[in-house]
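Q:
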Amino acid sequence: MLRNEEQQATPEFFEALNAELMSTLPTLEGAWKPRFVFGLQWHITDRCNLRCKHCYIDRAPRRDLSLQDLLVILDKFCAALRGWQAAGRIVLGGGEPFMRPDLWELVEAISAYHQRGYPLRVDFMTNGSFVTDQVIQQLRTYRGILGVVQVSLDGSHEEVHDSIRGPGSFVAACSALKRLRDAGVPTAIHFVLTRRNLSDVDGLLELSAELGASRVTVSRLVPLGRAEASDMVTTDELRECWTRLAAMAYVYRRRGVFLATGRCDLWHLADLEGALITLRLRKKGFLSPLLAVGQRCPAGINGLTVDVDGTVYPCRRLPIPIGNLLQDEFFTVWLAPLLNDLRRRGQLLKGKCRKCVFATEEDLSVLCLGGSPCQAYATGGDLFAPDPNCWFDPSEGNEKVIVKWRQNSF
Ligand code: SF4
Ligand code: SF4
1 MLRNEEQQAT PEFFEALNAE LMSTLPTLEG AWKPRFVFGL QWHITDRCNL RCKHCYIDRA
61 PRRDLSLQDL LVILDKFCAA LRGWQAAGRI VLGGGEPFMR PDLWELVEAI SAYHQRGYPL
121 RVDFMTNGSF VTDQVIQQLR TYRGILGVVQ VSLDGSHEEV HDSIRGPGSF VAACSALKRL
181 RDAGVPTAIH FVLTRRNLSD VDGLLELSAE LGASRVTVSR LVPLGRAEAS DMVTTDELRE
241 CWTRLAAMAY VYRRRGVFLA TGRCDLWHLA DLEGALITLR LRKKGFLSPL LAVGQRCPAG
301 INGLTVDVDG TVYPCRRLPI PIGNLLQDEF FTVWLAPLLN DLRRRGQLLK GKCRKCVFAT
361 EEDLSVLCLG GSPCQAYATG GDLFAPDPNC WFDPSEGNEK VIVKWRQNSF
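Sequential numbering from 1 applies to the sequence shown in our numbering.
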């Protein structure tokens, strides 16, 4: 079945993309039934106590927006949710978001919207350094809208993590995760895969289980800001690492740790059978056995990133400005030509992707559609070039598994 060029973001695609998030949203009487979940990754400060080697920020911290300005952005976002009848997942990050003294006033404003019937959830991205007992107490106060607190861990050992993030940061991150767990606050771990920590990634799943994190996301480094291209893993290293992790994911899933393997990172190539089974289950309305095995880049479809000065990007790892929510209306930004191009990426893809089943067949294109445009852009300046780490050769194919899929035998 060939993909309909006009409808790449099909209803089924939206459904699969949002199924897990929907199930984790706080419920609220009187709220509208959300048609989908829209994610806003919101960087509310550049300030940070660490200077990580792969940080996307490589300049002196810019001035924070005032609380009043943040509330203008929040109002615009919530008006868009109402217009769409969508739910909102706001992810507050930085810099280090817990360094903003007026953070809780912003969270209170989000909570007030929630109380007025807006289905909202708030997550935090932190390095863990400022997760004091007082902060945990505040988080518990907002448990009605709280999703997860995601802590960055770039190694399962102090030596590896601290060599990337600085002395003392491993102990601080682990301590934060333990205390959050003990206080009943859901946690997640984010790991940026580089040549510096490639061999340490296996231990991460075990550590995550010990620390009680419910989700682990492993993302490839994108060479932006302070991150250097020489720290990126090679295609062979990625293939070997992804294949190993994909097998481990099933084991740890049983121990309550989801490996968020599918986020636009070529995971379907490591575990195609798992990806296709997951896809079939989703079509039947079940949640995937893993968090998500295989998922095309959702940029331009159900999320945006807002930077510290209000500038909007399609994604934090694709920092091409498309507007500013202090001056522009939300829907003006949402109609930016760049987002339209990302939405019709299937027609604009180049090179081997043009002949690949993971870009040309409707069902299978939800797994990839060119891989990560941010990687292609950061390494070669072309959003529509094939993912530089893709090891799939469309002329060889993986016929056995794909034939099984076409015959409906998954
Ligand atoms: S060739 Fe392109 S569409 Fe096919 S798997 Fe690789 S990146 Fe994805
Ligand atoms: S731009 Fe990159 S990081 Fe962002 S959603 Fe797309 S593939 Fe993922």
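Backbone N, C-alpha and C define an ideal beta-carbon position, used for all residues, glycine too. Just so you know, these numbers come straight off a predicted model, no measurement behind them.
W405: buried (16+ other C-beta within 10 angstroms of its C-beta) or exposed?
A: Counting from one through the sequence shown, the residue named residue 405 turns up at place 405. Result: buried.
Q: List in chain order the residues whose CB is within less than 5 Å of at least one heavy atom of ligand 2.
A: With the cut-off at 5 Å, the residues found are C264, C297, A299, C315, R317, L318, S372, C374.
Q: On the DSSP bridge assignment, give the partners of Q41 in chain order.
A: As a first step, residue 41 must be located in the sequence shown, where it is residue number 41. Beta-bridge pairing links Q41 to V91, T305.
Q: Quick check on the burial criterion: 16 or more other C-beta atoms within 10 angstroms. Buried or exposed for N340?
A: Within the sequence shown, numbered from 1, the residue matching residue 340 stands at position 340. Label assigned to N340: exposed.
Q: Can you have a look at E415 and say buried or exposed, based on whether 16 or more other CB atoms are within 10 angstroms of its CB?
A: The structure shown does not extend to residue 415, since the chain is modelled only from 1 to 410, so the question has no answer here.
Q: Please report the distance separating the alpha-carbon of L269 from that of T141.
A: Counting from 1 along the sequence shown, the entry for residue 269 is found at position 269. Counting from 1 along the sequence shown, the entry for residue 141 is found at position 141. Near 42 Å, if we compare the C-alpha coordinates of T141 and L269.
Q: Could you pull the DSSP bridge partners for L259 from this structure?
A: Reading the sequence shown from its first residue, position 259 is the one you call residue 259. For L259, which the question treats as bridged, DSSP gives the partners V216.
Q: Spatial neighbours of L198 within its chain, please: CB distance less than 8 Å, with the 5 preceding and 5 following residues excluded, ordered by chain position.
A: On the sequence shown, residue 198 is found 198 positions in, with the first residue counted as 1. For L198, where only same-chain residues beyond five positions count, the Cβ hits under 8 Å are V233, E237, C241.
Q: To the nearest angstrom, report how far apart Q7 and Q150 are at their CA atoms.
A: Position 7 of the sequence shown, counting from 1, holds the residue named residue 7. Position 150 of the sequence shown, counting from 1, holds the residue named residue 150. Its pLDDT being 33, under 50, Q7 is placed unreliably in this model, and the coordinates cannot settle the point.
Q: Residues in the same chain with beta-carbon distance under 8 Å from S417, minus the five sequence neighbours each way, listed in chain order, please.
A: What is shown of the chain runs 1 to 410, which leaves residue 417 out entirely.
Q: Give the list of continuous alpha helix (DSSP H) stretches no shorter than 4 residues that lie fully inside the region 112–166.
A: With a minimum length of 4 residues, the continuous alpha helix (DSSP H) runs that stay inside the region 112–166 are 133–141, 158–165.
Q: Taking the C-alpha atoms as reference points, what is the distance between A80 and P373?
A: For the purposes of this step, residue 80 is taken as the residue at position 80 of the sequence shown. For the purposes of this step, residue 373 is taken as the residue at position 373 of the sequence shown. If I take the Cα positions, the gap works out to 26 Å.
Q: Just to confirm my understanding: we take A359, look at its own chain, exclude 5 residues before and 5 after, and list those with CB closer than 7 Å. What are they?
A: As a first step, residue 359 must be located in the sequence shown, where it is residue number 359. Within the same chain, A359 has close Cβ partners G346, L349, C353, S365, C368, L369, G370.
Q: Output the boundary residues of the alpha helix (DSSP H) element that contains V251.
A: For this step, residue 251 is matched to residue 251 along the sequence shown. From DSSP, the alpha helix (DSSP H) with V251 extends over 235–254.
Q: Restricting to Cα atoms, I'd like to know which of Y377, G39, G94 is closest to G128.
A: Sequence index remark: in the sequence shown, residue 128 carries index 128 (1-based). The candidate whose alpha carbon is nearest that of G128 is G94.
Q: Tell me where the alpha helix (DSSP H) around L65 begins and ends.
A: Along the sequence shown, one-based indexing puts residue 65 at 65. From DSSP, L65 is part of no alpha helix (DSSP H); its letter is neither H nor E.
Q: Is DSSP giving T10 helix, strand or coil here?
A: For the purposes of this step, residue 10 is taken as residue 10 along the sequence shown, with counting starting at 1. Any reading at T10 needs caution, since the residue's pLDDT is 49, under 50, leaving its predicted position unreliable; the model's value is listed next. T10 falls in the coil class under three-state DSSP.
Q: Indicate the three-state DSSP secondary structure (helix, strand or coil) for M1 in the structure shown.
A: Counting from one through the sequence shown, the residue named residue 1 turns up at place 1. Summary for M1: the model assigns pLDDT 32, below 50, so the residue's position carries little reliability, and this model does not support an answer.
Q: Thinking C-alpha only, which one of H190, E273, R196 is nearest R263?
A: Counted from its first residue, the sequence shown places residue 263 at position 263. Nearest of H190, E273, R196 to R263, Cα basis: H190.
Q: Using 8 Å as the Cβ pair cut-off and three pairs as the minimum, do the region 207–222 and the region 160–170 touch?
A: With a cut-off of 8 Å, the region 160–170 and the region 207–222 do not count as touching, because too few Cβ pairs lie within range.
Q: Please report the straight-line C-alpha distance between P337 and S156, rounded to a whole angstrom.
A: Counted from its first residue, the sequence shown places residue 337 at position 337. Counted from its first residue, the sequence shown places residue 156 at position 156. Going by the C-alpha atoms only, they are around 42 Å apart.
Q: CB-CB under 7 Å to R296, same chain, minus the five flanking residues each way: which ones, in chain order?
A: The residue you call residue 296 lines up with position 296 of the sequence shown. Excluding residues within five positions, the ones whose Cβ falls inside 7 Å are C264, S365, V366, L367, C368, L369.
Q: Below 8 Å between beta carbons: does that hold for I90 and L70?
A: What you label residue 90 is simply residue 90 of the sequence shown in a count that begins at 1. What you label residue 70 is simply residue 70 of the sequence shown in a count that begins at 1. No, they are not a contact pair.
Q: Report back the beta-carbon spacing between Q41 and G303 to the nearest angstrom; my notes put them in contact at under 8 Å.
A: By 1-based counting over the sequence shown, the position of residue 41 is 41. By 1-based counting over the sequence shown, the position of residue 303 is 303. Their Cβ separation, rounded to whole angstroms, is 7 Å, which keeps Q41 and G303 in contact under 8 Å.
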